[in-house]
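One structure is given here, and the rest of the page talks about it.
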Amino acid sequence: MDRAMSVGGTVVLLRNRMGDGLETLLIRRPDRGSFAGGWVFPGGVVENADVESADVETAGERVDADEEPIAARAAIRECEEEVGVRPADLVTLSCWVPPVEAPKRVRTWFFLAAAPDGDLVLAPDEVVEARWLTPADALSLHEAGELRLFPPTWVTLQALAKTASVAGALAAASVPELYATHIVEGGIFVWGGDAEHPEGGGGRHRLETAALPWNYLRD
Numbered sequence: 000m001d002r003a004m005s006v007g008g009t010v011v012l013l014r015n016r017m018g019d020g021l022e023t024l025l026i027r028r029p030d031r032g033s034f035a036g037g038w039v040f041p042g043g044v045v046e047n048a049d050v051e052s053a054d055v056e057t058a059g060e061r062v063d064a065d066e067e068p069i070a071a072r073a074a075i076r077e078c079e080e081e082v083g084v085r086p087a088d089l090v091t092l093s094c095w096v097p098p099v100e101a102p103k104r105v106r107t108w109f110f111l112a113a114a115p116d117g118d119l120v121l122a123p124d125e126v127v128e129a130r131w132l133t134p135a136d137a138l139s140l141h142e143a144g145e146l147r148l149f150p151p152t153w154v155t156l157q158a159l160a161k162t163a164s165v166a167g168a169l170a171a172a173s174v175p176e177l178y179a180t181h182i183v184e185g186g187i188f189v190w191g192g193d194a195e196h197p198e199g200g201g202g203r204h205r206l207e208t209a210a211l212p213w214n215y216l217r218d
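Counting with numbering that gives the first Met the number 0, you get residues 0 to 218 for the letters of the sequence shown.
Have a look at this one:
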């Protein structure tokens with residue numbers, strides 16, 4: 000991994016839905032800065048305080064044992080700053096490396112966590128609004144053009160849509176996955192295992208984004 004790249008952490012907060020299934024918290028960013036106008040999970044870039052107090056225990060196999068707990072600390076801090084709740088017992092889900100075309104490159108770790116008790120308190124300069132949605136509902140709203148998502152959020156929601164409970168989602172995230180993103184012609188994002196990825200591969204692991212609905216293909 001390129002250690003010169005900035006590092007960030009994101010928390011995918013989960014809660015069981017009344018009846019069945021689960022919901023996750025999505026926040027809408029202001030129409031400026033990174034992910035302008037997009038709906039994302041709470042999170043942000045590592046700061047000095049995160050490095051100095053990187054004593055967070057996370058579950059799951061480590062992709063990078065030095066960087067992961069620092070990113071987890073940043074994810075917890077950012078979540079508390081942005082929506083007013085402090086998650087615990089993070090489970091590492093994935094690590095996303097942005098494509099070379101990205102204007103600001105931040106290698107971002109995604110963590111799952113059961114939502115703690117407490118009301119949301121939104122940071123007015125960072126969060127326009129927040130919604131608890133089932134993954135399926137969020138994807139449907141995106142397909143209808145009513146909710147703007149970016150590929151890491153979309154792919155994460157697509158995977159969560161297959162789980163029936165918070166416990167099931169946490170248990171399924173046993174081995175963190177690395178998504179080193181490469182973009183090919185036609186608005187197609189490819190990852191390891193895809194035949195057009197620089198790392199090679201003989202199959203398909205891609206997200207086609209040229210038109211709605213987006214199409215995820217993985218052998």
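For each residue, glycine too, the CB sits at the ideal point set by N, CA and C.
So, with DSSP's three-state summary, where would you put E125? coil
Selected residue, minimal CA-CA separation from L159, among A122, I187, F109: F109
Suppose only complete runs of 3+ residues qualify. What are the beta strand (DSSP E) ranges in the stretch 5-48, listed by chain order? 5-15, 21-27, 42-44
Starting from V120, trace the beta strand (DSSP E) in both directions and tell me its first and last residue. That residue, V120, is in no beta strand (DSSP E); it is neither H nor E in DSSP.
Between the stretch 158-177 and the stretch 14-30, are three or more C-beta pairs nearer than 8 Å? yes
Taking the alpha-carbon of L9 as reference, which of W213, N15, R16, V44 has the nearest alpha-carbon? For the record, residue 9 in the displayed sequence is Thr; it is not Leu. In terms of Cα proximity to T9, the closest of W213, N15, R16, V44 is V44.
From E81 to P68, what distance separates their C-alpha atoms? Linking E81 to P68 through their CA atoms gives a straight-line distance of about 20 Å.
Just to confirm the assignment: which complete alpha helix (DSSP H) runs, minimum length 4, are found wholly within the stretch 158-209? 165-171
Between the alpha carbons of F188 and A171, how many angstroms are there, rounded? 24 Å
Here's a check: name, in chain order, each residue in its chain whose Cβ is nearer than 8 Å to the Cβ of V62, leaving out the five neighbours to either side. With a pLDDT of 45 at V62, under the threshold of 50, the modelled position of that residue is not reliable, and no figure is offered here.
What's the C-alpha gap between G111 and A168? The amino acid occupying residue 111 in the given sequence is Leu; Gly does not appear at that position. Answer to the nearest angstrom: the Cα atoms are 8 Å apart.
Are the beta-carbon atoms of G200 and D193 separated by less than 8 Å? Between G200 and D193, the gap from beta carbon to beta carbon is short of 8 Å.
Let me know if R217 comes out buried or exposed under the rule of 16 or more other beta-carbons within 10 Å of its beta-carbon. exposed
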